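These notes concern the structure reproduced below.
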Amino acid sequence: MVRLRKTILCIDDHWNGLIGRKMFLESNGYEVLEATGGDEGLRLFRTHPVDAVVVDYQMPGMNGDVVAARMKRLKANIPILLLSAYGPLPENKLQSVDTFLTKSQELKVLLPALQDL
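Counting in the working numbering, the sequence shown runs from 1243 upward without gaps.
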């Protein structure tokens, strides 16, 4: 079966941000899978075809950088975009991600960032 739309896996423990991001991406032609934590995100990643991942940095149980590292071990070429409500993160937190965005700039640059991945 050929997929016509790219599938983005969005992972965020804040429901409002997750649903807002899902609606925004779907209105721009993407199919979106959503997860409210790292474990759920990894399960979806293993069981569904995904073209890119958008993951929040700070989440209970497993931060986004850990989720990204585990995903890269499963599929090294998966594009991963890490979001944070806080300022720049230390370089060691960004080793497994392709792009970093702060949530304050997210809607302005999310689509171009995904297209560049």
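All residues carry an ideal CB built from backbone N, CA and C; glycine is no exception.
Predicted model, so just to flag it, every value in this text is computed and none were measured.
By the CB criterion at 9 Å, L1331 and L1323 fall outside the cutoff. Out of Q1337, A1311, K1345, E1276, the CA that lies nearest to the CA of L1260 is found in E1276.
DSSP places E1333 in no alpha helix (DSSP H); its state is neither H nor E. The continuous alpha helix (DSSP H) containing V1351 extends over residues 1348 to 1358. Under DSSP, the beta-bridge partners assigned to F1342 are L1324.
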